[in-house]
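K.L.:
Here the sequence shown stands for residues 56 to 353, numbered as in this note's numbering. Note that the Cβ used here is the ideal one computed from N, Cα and C, for glycine as well. Predicted model, so just to flag it, every value in this text is computed and none were measured. One structure, pasted below without further comment.
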Amino acid sequence: MILRVPASSANLGPGFDALGLALSIYLECRFRPAEALTIRVAGRDAAEIPATEDNLIWQTALAVARDTCERLPPVELEIHNDIPLGKGLGSSAAALTAGVVIADRLLGLGWKPHRILDEAARIEGHPDNVAACVLGSIVASATDTHGETRAVRIDLPAKMNLAVVVPDFQLPTSMARAVLPETVSRADAVFNVQRAALLVAALATGSTLAFPIALEDRLHQPYRMPLIPGMEEILRLRAPGLLGCALSGAGPSILVFYERGHEQVCDLVRQIFALHGHRAEILWAQIADRGYELREDS
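What follows is the structure in structure tokens.
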């Protein structure tokens with residue numbers, strides 16, 4: 056079997072742990088039952104992906120087997136990764152989703168996508184990235200009191216586009232989470248609720264008038280600025296055709312929304328990283344219209 060899972064960008068500014076989108080950058084896995092576990096890894100950052108039992112895809116599949124009281128057979132697993140690791144592009148969410156899908160297939164569980172999403176969100180701890188991995192496009196998601204994830208997807212308006220600017224350093228999610236406060240003020244909570252609602256409405260209707268205010272945030276980005284050189288200047292960028300910038304997930308990559316025909320605004324972000332002594336790569340990724348895809352190996 057061949058499984059392809061998209062990268063993802065979460066938060067989108069004010070939608071902390073609630074909004075995400077799928078990107079046309081992929082983790083691809085070929086797998087089949089085998090006599091013994093064999094893992095081979097190729098592609099971007101391959102040296103950082105374990106080819107042992109510690110591999111996150113395999114560990115996730117084992118976790119699903121334990122949860123369902125089933126025995127997972129050993130597999131021959133070939134991984135080709137194009138998702139930058141440690142850059143806020145959902146590499147771990149893609150691996151988690153892949154592990155759940157692989158376990159579902161090998162164990163014959165017959166889970167539908169919503170059940171795949173529930174399991175992946177439970178393991179991940181929040182649904183934003185994995186919802187995008189499962190459903191594709193732009194997704195708003197939440198987990199109810201029973202642990203079930205509810206998610207609704209919308210499509211990026213035709214007049215808008217996006218790119219990701221990836222700097223030459225990593226930022227561990229654990230470090231980016233550690234700087235966040237345990238509580239926030241009512242004023243900051245209201246600030247984010249307003250902008251998250253405005254952002255969803257703007258994306259649903261194609262209105263560009265709501266930008267860049269719709270991407271403003273007080274819950275996570277201000278606290279992460281000291282960890283990412285140039286981030287404060289990047290979020291303040293204004294230029295014709297630039298709708299706005301937001302931290303991609305926990306960072307350090309930057310998600311750039313712009314009007315079609317104004318691709319040059321993305322280079323402004325790259326230039327700011329350069330002024331702070333860091334090279335950066337612009338990934339011209341499109342929205343992935345579909346989530347994970349599983350097909351027979353020809």
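(1) By the 10 Å Cβ neighbour count, where 16 or more other Cβ atoms means buried, how is T238 classified, buried or exposed?
(2) Strictly by DSSP, which residues pair up with I337?
(3) Within the chosen definition, does the stretch 129-140 reach the stretch 164-182 through at least 3 CB pairs nearer than 8 Å?
(4) With V320 and A294 assumed to form a contact (beta carbons below 8 Å), what rounded beta-carbon distance in angstroms separates them?
(5) Helix, strand or coil: which one does DSSP assign to C124?
(6) May I have the straight-line CA-CA distance separating G299 from S146, to the nearest angstrom?
(7) In the DSSP assignment, find the beta strand (DSSP E) that holds F312 and state where it starts and stops.
(8) List in chain order: all unbroken beta strand (DSSP E) runs of 3+ residues lying wholly within the stretch 80-115.
(9) Rounded to whole angstroms, what's the CA-CA distance from E288 to L76? Just pull it up for me.
(10) Using 8 Å as the threshold, is the C-beta distance between L151 and I178 below it?
(11) Within the same chain, show all residues whose beta-carbon is closer than 6 Å to that of V60, passing over the 5 residues directly before and after it, in chain order.
(12) When you compare each of L127, P69, L58, V311 to L92 by their alpha carbons, which one comes out closest?
(13) Can you list, in chain order, the stretches of the alpha helix (DSSP H) that have 4 or more residues and sit fully within the stretch 140-222?
(14) In terms of residues, what are the limits of the alpha helix (DSSP H) holding V248?
(15) Please state if the CB of A65 and the CB of D183 are separated by a distance shorter than 8 Å.
(16) Excluding the five sequence neighbours on either side, which residues of its own chain have a C-beta within less than 6 Å of the C-beta of R350, listed in chain order?
(17) Can the beta-carbon of L226 be found less than 8 Å from the beta-carbon of A305?
(18) DSSP state of R325, grouped into three classes?
(19) Would you mind working out which of V245, V185, F71, P222 sits nearest A329, comparing C-alpha positions?
(20) Taking the continuous beta strand (DSSP E) assigned at S63, which residues delimit it?
(21) Measure from the C-beta of T93 to each C-beta in chain B and report whether the shortest distance is under 8 Å.
(22) Helix or strand or just coil, what does DSSP make of R273?
(23) Out of curiosity, what's the CA-to-CA distance linking I309 and G70?
(24) Could you check whether R205 and L190 sit closer than 8 Å to each other, using their CB atoms as the reference points?
(25) Does the structure place the stretch 265-278 close enough to the stretch 238-250 that three or more beta carbon pairs sit under 8 Å?
(26) Nearest to V155 by CA position, among H331, L111, L217, P139, is which residue?
(27) Quick check on I283: does DSSP put it in helix, strand or coil?
(28) Do L253 and P212 have their C-beta atoms closer together than 8 Å?
(29) From the DSSP output, read off the bridge partner residues of A77.
(30) Near S303, what residues of its chain come up, given a Cβ to Cβ distance below 7 Å and the 5 sequence neighbours on each side ignored?
P.N.:
For this structure:
(1) exposed
(2) V220
(3) no
(4) 5 Å
(5) coil
(6) 24 Å
(7) 309-314
(8) 93-98
(9) 24 Å
(10) yes
(11) L82, A149, T152, A153, C188, Y347
(12) L127
(13) 146-162, 168-179, 183-190
(14) 241-260
(15) yes
(16) I57
(17) yes
(18) helix
(19) P222
(20) 57-65
(21) Protein chains in the displayed structure number just one, and chain B is not present.
(22) coil
(23) 15 Å
(24) no
(25) yes
(26) L111
(27) coil
(28) no
(29) S63
(30) S64, G143, L144, V219, I309, L310
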